[in-house]
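Per mature numbering (1 follows the signal peptide of the UniProt record, and there is no 0): the sequence shown = residues -22 to -1, 1 to 237.
Here's the structure we're looking at; comments come further down.
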Amino acid sequence: MKLYFQIMWFIIISSVTQIAFARDYSSRRDLRRAARHTRTKRLLSHDSKVVDDREDGAKSESSCDTPRPKSKRINMKSNGTGIAIKAALEAKQANDDMANAVKMASDRIKHEYAEKAAAAAKAAEAVLSGKQQVLEQLEMEVREAEIIVQEETQELSSAEANSQLALKAHRQAQEEMKLLIAALKLSRENHDSAEQVSAACQQSLIDKTSLLDAAQKRVGVLLRQLSEARNDFAKTKKAAYRALCAANEAKQRIDRLQG
């Protein structure tokens, strides 16, 4: 992240430097052109003055038929020398003014570009501060989003675990329902069988009750017959005993009679 801001800062400084250099070069070129134009105008004005002086001299010579005195020639020479010296001084002054103007313009331009560079630096710092705040805000939002994602992931894991448990419970409930359905079916079958068995048992009970009644009646009849048979047997036994006693007595009598 620091490398990213260093690269951004380097790009901003390079752009500002290139713009300043281009504007400085353009301003210097304009100043040189202006100084050259001023110098040319001054020289042209000086030449025009010299030409005017020469024309005036020629007119004066043409108007006068007599030759000029030597003193006037000396004055003309001194005037020409003064004009030349004045022109040289003006040229030197123009060069100095141009140099001063260039220096002042350069200083002014440098000051302006320094101010612009400072303003650009402040703007870049403001942009950097804003970007830093945005970055910090985004980092905070990312951290919050990561926390939310982590919480949602945990909740999702819990939901998945609960879903698995619910699915397992659902399957167990289905198995239990199947078992209950099978048990209900078996219970119904057992109930039907029990009803059939109960009906059969009731019928059997009725039949056995009837048989029992018949057997009891038969037992009563047999008991009476047995009692009668016993009585008859007792009577028969007594009769047989009597007959045996009578036979023994008869035999004894016969034995006695024969003896």
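Just so you know, even glycine gets a beta-carbon here, dropped at the ideal spot from N, CA and C.
Keep in mind that this is a model prediction, so the values were computed, not measured.
Spatial distance of R202 from T214 (CA atoms): Here residue 202 corresponds to residue number 224 of the sequence shown, with the count starting at 1. Here residue 214 corresponds to residue number 236 of the sequence shown, with the count starting at 1. If I take the Cα positions, the gap works out to 18 Å.
Length of the line joining the Cα atoms of S188 and K156: The residue given as residue 188 occupies position 210 in the sequence shown. The residue given as residue 156 occupies position 178 in the sequence shown. The straight-line gap from Cα to Cα measures roughly 46 Å.
Residue burial classification, A102 (beta-carbon count within 10 angstroms, cutoff 16): Your numbering for residue 102 matches position 124 in the sequence shown. So A102 counts as buried.
Span separating the alpha-carbon of A224 from that of A207: Indexing the sequence shown from 1 puts residue 224 at position 246. Indexing the sequence shown from 1 puts residue 207 at position 229. Roughly 24 Å separates the two Cα atoms.
For L200 and A221, the rounded distance between their alpha carbons: Counting from one through the sequence shown, the residue named residue 221 turns up at place 243. Counting from one through the sequence shown, the residue named residue 200 turns up at place 222. Rounded to the nearest whole angstrom, the CA to CA distance from A221 to L200 is 29 Å.
Span separating the alpha-carbon of I159 from that of E153: On the sequence shown, residue 159 is found 181 positions in, with the first residue counted as 1. On the sequence shown, residue 153 is found 175 positions in, with the first residue counted as 1. Rounded to whole angstroms, I159 to E153 spans 10 Å at the Cα level.
Cα-Cα separation between S165 and Q174, rounded to whole angstroms: Here residue 165 refers to the residue found at position 187 of the sequence shown. Here residue 174 refers to the residue found at position 196 of the sequence shown. One C-alpha to the other measures close to 14 Å.
C-alpha gap between E133 and R149, whole angstroms: Counting from one through the sequence shown, the residue named residue 133 turns up at place 155. Counting from one through the sequence shown, the residue named residue 149 turns up at place 171. Between the C-alpha atoms of E133 and R149 there is a straight-line separation of about 23 Å.
C-alpha distance - S38 paired with I63, whole-angstrom precision: Within the sequence shown, the letter at position 60 stands for residue 38. Within the sequence shown, the letter at position 85 stands for residue 63. Residue confidence is low: S38 scores 46 on pLDDT, short of 50, so the model does not pin down where it sits. No coordinate-derived value is stated.
Neighbourhood of K216 by C-beta distance below 6 Å, restricted to the same chain and skipping five residues each side: Here the question's residue 216 lines up with position 238 in the sequence shown. Closer than 6 Å at the Cβ level, and outside the excluded window around K216, lies no residue.
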